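First the structure, in the form of structure tokens, and then the observations on it.
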Amino acid sequence: MTRYFEIEQRDGAARIGKLLLSSELLTPCILNTAELGNFESPGPVVDAGSFWGTKSQAELEARVNRIREKAGNGTLILLPHQAYPPAIPAESVGKEKTFTSINSEKPENEGPTGSLLRKGRKFEKTDLYVIEGAGNLENNARRFLKTVIDLKSQIPPDTALYAPNLALPENIAMLAYLGIDILDDTRAEIAAYSDIYLTAAGSFYLDSLTEFPCRCRVCAATRPAEVRKLSKIERSKLISAHNRDALEAELSLVREKIRAGALREYVEGQCRVRPWLTALLRLGDFEYSYLEERVPAFRQNQLLADTSEALSRIEVVRFAQRVQERYTPPDLDILLLLPCAARKPYSTSQSHQKFILALGKYRKFIHEVILTSPLGIVPRELELTYPASHYDTAVTGHWDEEEKAWVSGCLEAYLSKYRYKAVVAHVEGAYREICERVASKLGIEIVYTARESLVSMEALSNLKNTVESLCTAENFSKKSLNAEEGKRIS
Numbered sequence: 080m081t082r083y084f085e086i087e088q089r090d091g092a093a094r095i096g097k098l099l100l101s102s103e104l105l106t107p108c109i110l111n112t113a114e115l116g117n118f119e120s121p122g123p124v125v126d127a128g129s130f131w132g133t134k135s136q137a138e139l140e141a142r143v144n145r146i147r148e149k150a151g152n153g154t155l156i157l158l159p160h161q162a163y164p165p166a167i168p169a170e171s172v173g174k175e176k177t178f179t180s181i182n183s184e185k186p187e188n189e190g191p192t193g194s195l196l197r198k199g200r201k202f203e204k205t206d207l208y209v210i211e212g213a214g215n216l217e218n219n220a221r222r223f224l225k226t227v228i229d230l231k232s233q234i235p236p237d238t239a240l241y242a243p244n245l246a247l248p249e250n251i252a253m254l255a256y257l258g259i260d261i262l263d264d265t266r267a268e269i270a271a272y273s274d275i276y277l278t279a280a281g282s283f284y285l286d287s288l289t290e291f292p293c294r295c296r297v298c299a300a301t302r303p304a305e306v307r308k309l310s311k312i313e314r315s316k317l318i319s320a321h322n323r324d325a326l327e328a329e330l331s332l333v334r335e336k337i338r339a340g341a342l343r344e345y346v347e348g349q350c351r352v353r354p355w356l357t358a359l360l361r362l363g364d365f366e367y368s369y370l371e372e373r374v375p376a377f378r379q380n381q382l383l384a385d386t387s388e389a390l391s392r393i394e395v396v397r398f399a400q401r402v403q404e405r406y407t408p409p410d411l412d413i414l415l416l417l418p419c420a421a422r423k424p425y426s427t428s429q430s431h432q433k434f435i436l437a438l439g440k441y442r443k444f445i446h447e448v449i450l451t452s453p454l455g456i457v458p459r460e461l462e463l464t465y466p467a468s469h470y471d472t473a474v475t476g477h478w479d480e481e482e483k484a485w486v487s488g489c490l491e492a493y494l495s496k497y498r499y500k501a502v503v504a505h506v507e508g509a510y511r512e513i514c515e516r517v518a519s520k521l522g523i524e525i526v527y528t529a530r531e532s533l534v535s536m537e538a539l540s541n542l543k544n545t546v547e548s549l550c551t552a553e554n555f556s557k558k559s560l561n562a563e564e565g566k567r568i569s
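Per the working numbering, the sequence shown starts with residue 80, numbered consecutively.
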């Protein structure tokens, strides 16, 4: 357990924390790579260097001890390391050098440390871990995600994870969403010296810009045409300053999204900037166990389901699974399938109020289940739970095939597990298509009570008459009726 890193707030795998160093760092944060190698005037984080090209272990020990004596316990030292490209498997590296001694003669002076972390290697207990070769994993969504999940499973949960040479304004939100705590400005600096102007919406070559789509201290004071006239060094300094501001601005927004519990919604839009980021989001949802144990079971804020990826987000899948695995419906013989409503909870909407009035005294003899995207099915008893009463989605009247398949699968699983003597569906359009698919697949009969408008007098009257005829039939179970009479007698 580290004494130098505290986690203050979470949103799934993303988290806000602070490194308790000489200068407190709020994470997720961006490290200045120019300061990392400054041994003479060390900042809060210093990189002690690499084993490559170093003459001896003693030389490295002396360097680290000098840094510690000069900086004190308020500086986190990245221990000397020996990095290899991620493509080289750990078993091919051979015997690796290790560094474990920091001022061993004065253990009371030991402070926070960080170490290189790679799958398949033994790791030392430190306060921060660095993903080896993280920059080489860009555009390889599958490998990057697997690396992060594997490494997170090895390290203590209260330590920080650093992904060097990877951060751009466009990908910070995704990296934080997957659990990265620390980034640096390496990519932003390299881009600046290549005349590449960075934004959260992607990168632009300076030659292609007519105006700066930013109003930071650099962009507000000049125009692209004026910057292009400057010397290479001056031009790079200006773009570098902007790129750094763009990183910090995006990082501040990401932290606010974490505080608001709304990072997922932001990531679903932001990932469209690059295909590999979209792939990361989709593949991340397939790693259900990694995210599920980190995503809260309840939130106070609204869940916005405005993209196709909302069908696979943890809260949606978890709700659908719990309906199938944990929920036990009331002991009733008649099932009524209803469409969802824009207003939540559904029973407060005008359409559902009309359905309830139409059912009248027979309502207590039927079980109501609402069909909805993205949640699949919502039993009436659960409409006040999260996220059934906390989600919103774009209502267009058109369902894509993924939505139909998802809701059909949820309804099919439910009707396969729980059998009813009669199933009534007061639905239209895509809802009816879903019901017909499931009925055909399971070989059951569903009675439909409406053709077009569900709230027309004809449709509501048909709903009432259908339910009444079923409840008064000779083979209708009187369990619910007897239970009600028992309550009145007692």
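Idealized CB from N, CA, C, for every residue including glycine.
Nothing here was measured: the structure is a model prediction, and the numbers come from that model.
For the alpha helix (DSSP H) containing residue i, name the first residue and the last one.
i    : result
F398 : 393-404
A341 : That residue, A341, is in no alpha helix (DSSP H); it is neither H nor E in DSSP.
D237 : Taken as a continuous stretch (DSSP letters only), D237 belongs to no alpha helix (DSSP H), as it is neither H nor E.
S495 : 480-496
I109 : Premise fails: I109 lies in the beta strand (DSSP E), 108-110, not in any alpha helix (DSSP H).
I251 : 251-256
S288 : Residue identity check: residue 288 is Leu in the sequence provided, not Ser. Segment: none, L288 is in no alpha helix (DSSP H) and carries neither H nor E.
Expressed to the nearest angstrom, what Euclidean distance is found between the alpha-carbon atoms of residue i and residue j?
i    : j    : result
T238 : R82  : 9 angstroms
W355 : K483 : 27 angstroms
Y527 : L247 : 54 angstroms
G583 : G476 : Residue 583 lies beyond the residue range present for the chain, which begins at 80 and ends at 569; the question has no answer from this structure.
N554 : D412 : 10 angstroms
V346 : A137 : 46 angstroms
I337 : R378 : 12 angstroms
G122 : P191 : 13 angstroms
S183 : N215 : Legend: pLDDT at S183 = 46, less than 50; position of this residue unreliable, value from coordinates given subsequently. C-alpha separation (whole angstroms): 35 angstroms.
P243 : L262 : 6 angstroms
A341 : L390 : 16 angstroms
V124 : I210 : 16 angstroms
F118 : A300 : 35 angstroms
L110 : L245 : 12 angstroms
S180 : Y163 : Residue confidence is low: S180 scores 49 on pLDDT, short of 50, so the model does not pin down where it sits. Its coordinate-derived value is still stated next. Roughly 22 angstroms separates the two Cα atoms.
Y406 : L360 : 29 angstroms
F84  : I234 : 13 angstroms
L317 : L254 : 26 angstroms
R392 : A518 : 27 angstroms
D90  : W485 : 26 angstroms
K543 : V396 : 34 angstroms
G583 : Q161 : Outside the displayed span of the chain (80 to 569) sits residue 583, for which this structure offers no information.
I72  : C298 : Because the chain spans 80 through 569 in this model, residue 72 falls outside it and cannot be assessed.
Y284 : D385 : 32 angstroms
H469 : A220 : 31 angstroms
V333 : K97  : 15 angstroms
L257 : A93  : 6 angstroms
My output table needs one value for residue i: the three-state DSSP class, helix, strand or coil.
i    : result
Q136 : helix
Y276 : strand
L155 : strand
S183 : Only weak support is given to the placement of S183: the predicted model assigns it a pLDDT of 46, under 50, and the question is left unresolved by the model.
A242 : coil
P458 : strand
I95  : strand
N229 : The question names Asn, yet the displayed sequence has Asp at residue 229. DSSP places D229 in helix when its eight states are reduced to three.
A552 : coil
Y584 : No statement about residue 584 is possible, as the shown extent of the chain runs from 80 to 569 and does not include it.
D471 : strand
G363 : helix
T192 : strand
H160 : strand
L539 : helix
A421 : coil
Y527 : strand
From what residue to what residue does the beta strand (DSSP E) around residue i run?
i    : result
T451 : 445-451
E87  : 84-90
D263 : 261-263
S282 : 281-284
Y56  : Outside the displayed range of the chain (80 to 569) lies residue 56, so it cannot be described from this structure.
A389 : Run containing A389: none; DSSP gives neither H nor E here.
V517 : Note, V517: premise wrong, no beta strand (DSSP E); alpha helix (DSSP H) at 508-521.
L207 : 207-210
D48  : Lying before the first or after the last residue shown, residue 48 is absent from the chain, which here runs from 80 to 569.
So, is the C-beta of residue i closer than 9 angstroms to a C-beta in chain C?
i    : result
T427 : No chain C is part of this structure, which consists of one protein chain only.
Within 8 angstroms, do at least three Cβ pairs link the segment 493-504 to the segment 538-550?
Short answer: they touch.
Minimum length 3: unbroken beta strand (DSSP E) runs contained in the segment 290-323:
If we require 3 residues or more, the segment 290-323 turns out to have no beta strand (DSSP E) run fully inside it.
Taking 8 angstroms as the cut-off, does the segment 436-445 touch the segment 489-497 (at least 3 CB pairs, one atom from each stretch)?
Contact between the segment 489-497 and the segment 436-445 is absent, because fewer than three Cβ pairs lie under 8 angstroms.
Any contact between the segment 143-154 and the segment 99-115? By contact I mean 3 or more CB pairs, one from each, below 8 angstroms.
Judged by pairs of C-beta atoms under 8 angstroms, the segment 143-154 touches the segment 99-115, as three or more such pairs exist.
Can at least three beta-carbon pairs, one atom from the segment 267-275 and one from the segment 322-341, be found at a separation below 8 angstroms?
Contact between the segment 267-275 and the segment 322-341 is present, because at least three Cβ pairs lie under 8 angstroms.
Segment contact, 8 angstroms Cβ cut-off, at least three pairs: the segment 202-215 with the segment 223-241:
They touch, by the three-pair rule.
For the segment 365-382 and the segment 424-439, state whether three or more C-beta atom pairs, one from each stretch, are separated by less than 8 angstroms.
Pairwise C-beta distances place the segment 365-382 out of contact with the segment 424-439, as fewer than three of them are shorter than 8 angstroms.
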